[in-house]
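Residue numbering for the sequence shown follows full-length UniProt numbering, beginning at 2 and increasing consecutively.
Using N, Cα and C, we set each Cβ at its ideal position, and we do this for glycine too.
For clarity, every value in this text was computed on a predicted model and none was experimentally measured.
Here the structure is laid out as structure tokens; the discussion comes afterwards.
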Amino acid sequence: KRHLISAADLSRDDALLILDTADELARVSERSIKKLPTLRGRTVVNLFFEDSTRTRISFEAAAKRLSADVINFSAKGSSVSKGESLKDTALTLQAMGADAVVIRHGASGAPHRLATWVDGSVVNAGDGTHEHPTQALLDAYTMRSRLGALDGRRIAIVGDVLHSRVARSNVLLLHTLGAEVTLVAPPTLLPVTVRSWPCEVSYDLDAVLPKADAVMMLRVQKERMNDAYFPSAREYSRRYGLDRDRLARMSEEAIVMHPGPMNRGMEIAAEVADSPRSTIVEQVANGVTIRMAVLYLLLGGETQ
Ligand code: CP
Numbered sequence: 002k003r004h005l006i007s008a009a010d011l012s013r014d015d016a017l018l019i020l021d022t023a024d025e026l027a028r029v030s031e032r033s034i035k036k037l038p039t040l041r042g043r044t045v046v047n048l049f050f051e052d053s054t055r056t057r058i059s060f061e062a063a064a065k066r067l068s069a070d071v072i073n074f075s076a077k078g079s080s081v082s083k084g085e086s087l088k089d090t091a092l093t094l095q096a097m098g099a100d101a102v103v104i105r106h107g108a109s110g111a112p113h114r115l116a117t118w119v120d121g122s123v124v125n126a127g128d129g130t131h132e133h134p135t136q137a138l139l140d141a142y143t144m145r146s147r148l149g150a151l152d153g154r155r156i157a158i159v160g161d162v163l164h165s166r167v168a169r170s171n172v173l174l175l176h177t178l179g180a181e182v183t184l185v186a187p188p189t190l191l192p193v194t195v196r197s198w199p200c201e202v203s204y205d206l207d208a209v210l211p212k213a214d215a216v217m218m219l220r221v222q223k224e225r226m227n228d229a230y231f232p233s234a235r236e237y238s239r240r241y242g243l244d245r246d247r248l249a250r251m252s253e254e255a256i257v258m259h260p261g262p263m264n265r266g267m268e269i270a271a272e273v274a275d276s277p278r279s280t281i282v283e284q285v286a287n288g289v290t291i292r293m294a295v296l297y298l299l300l301g302g303e304t305q
């Protein structure tokens, strides 16, 4: 039984296999083969305890394109509101037959716990401030398709790193793939452990921008901000927002990324988000392909 819980668990070969499988699946889709029979008879459960637009829908689309049956569970409207625990919820879904459980949860470590309770493969779709490995995979896939191999590429990840599971998963995966990552944030929005992460750290966006091949802007997570000092939105945008002037100072081939959802006008100006340099919509499309690759490799049978 295999799981995808942390980007740290992926070797370089594992990561490249997922990216190459996604390439292959994208080629198949281009030949207008909308649905593959690979996971016929398998059941994928989407277990979402936190809100999601992109991740939930793209896992559903990915599973359906592989002909799996999909059960969507969202905590809102379920017996979780009557106090049912994660374990009892998981065992209930298990009893209905789940070959894979895709889980998003507000608690860091929830997917790890879940993996001890269910028989199927567990895929982490975002746990607290810990990790979001399929986001990192789709980001790496997007970078590789735009920039080529990631070895030696310089990637800046900018903003609210403190609350970002996307940042942690990206740092781990990009390091595995040979890229050089610089985190850029105000000191109050960096975790205390950041110096042990495999990346550089800077407080100065303008110094980092001209050297970057890709600039990934992070959402300011206002809903998790109660434990951190946050300057005014205006001050934040002035120092760490990506606007037209800053975009003009980036290298001509460099791309602008954002995992979404965005705070337009806060971490990224609307005209930058919508510019041809932005890969934001492409990232969403690639999310379906990457999640197909992950489900295919986890559930696709003995030979994979
Ligand atoms: N990027 C991302 O995880 O978006 P959602 O929260 O909409 O799934």
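Could you give the DSSP three-state label for residue i: helix, strand or coil?
i      : result
LEU191 : coil
GLU201 : strand
SER86  : coil
SER33  : coil
ARG155 : strand
VAL81  : helix
MET251 : coil
ILE256 : strand
PHE50  : coil
PHE231 : coil
ASP246 : helix
GLN305 : In this predicted model, GLN305 has a pLDDT of only 41, less than 50, meaning its place in the structure is not dependable enough to derive any value.
Return the Cβ separation of residue i and residue j in integer angstroms, given the expectation that the two are a contact with Cβ distance under 8 Å.
i      : j      : result
ARG13  : LEU148 : That pair is no contact at about 17 Å.
VAL159 : TYR241 : 6 Å
LEU139 : ILE291 : 4 Å
ILE269 : MET217 : In fact, because the Cβ distance is near 10 Å, the residues do not count as touching under 8 Å.
ASP128 : ALA108 : 7 Å
ARG22  : LEU219 : The amino acid occupying residue 22 in the given sequence is Thr; Arg does not appear at that position. Between LEU219 and THR22 the Cβ distance is about 27 Å, and since that is not below 8 Å, they are no contact.
PRO112 : VAL123 : 5 Å
THR189 : ARG166 : Actually they do not touch by this definition, with Cβ atoms about 18 Å apart.
ARG55  : GLY261 : 6 Å
Closer than 7 Å: is that where the CB of residue i sits relative to any heavy atom of the ligand CP?
i      : result
THR54  : yes
ARG169 : no
PRO232 : no
GLY107 : no
GLN222 : no
ARG265 : no
HIS131 : no
PRO262 : yes
GLY127 : yes
ARG57  : yes
GLN95  : no
Just to check, is the beta-carbon of residue i closer than 7 Å to a non-hydrogen atom of the ligand GTP?
i    : result
ARG3 : Absence of the ligand GTP from the depicted structure is noted, with the ligand CP being the only ligands included.
Taking 8 Å as the threshold (beta carbon to beta carbon), is residue i in contact with chain E?
i     : result
THR54 : Among the chains of the structure shown, chain E does not appear; only one protein chain is present.
Report the residue ranges of all beta strand (DSSP E) runs contained in full by the region 89–140; include only those spanning at least 3 residues, in chain order.
If we require 3 residues or more, the beta strand (DSSP E) runs fully inside the region 89–140 come out as 101–106, 122–128.
Hey, which unbroken runs of the alpha helix (DSSP H) at 4 residues or more fall wholly within the region 258–299?
Correct list: 271–274.
Would you be able to state if there are at least three C-beta pairs under 8 Å between the region 110–117 and the region 24–42?
Verdict: no, contact absent.
Evaluate the contact criterion for the region 65–80 versus the region 47–56: three or more CB pairs, one atom per stretch, below 8 Å.
At 8 Å Cβ cutoff, the stretches touch.
Count the C-beta pairs between the region 193–202 and the region 250–262 that are closer than 8 Å, then say yes if the count reaches three, no if not.
Contact between the region 193–202 and the region 250–262 is not established, with fewer than three Cβ pairs separated by less than 8 Å.
Using 8 Å as the threshold, is the region 90–102 in touch with the region 19–31, meaning 3 or more CB pairs across them?
Contact fails: fewer than three Cβ-Cβ distances are below 8 Å.
Three Cβ pairs or more, each shorter than 8 Å: is that satisfied between the region 202–220 and the region 242–251?
In the pairwise beta carbon analysis, the region 202–220 is classified as touching the region 242–251: at least three pairs are separated by under 8 Å.
Are the region 160–171 and the region 79–89 touching, with three or more C-beta to C-beta distances below 8 Å?
Contact between the region 160–171 and the region 79–89 is absent: fewer than three C-beta pairs spanning the two stretches fall below 8 Å.
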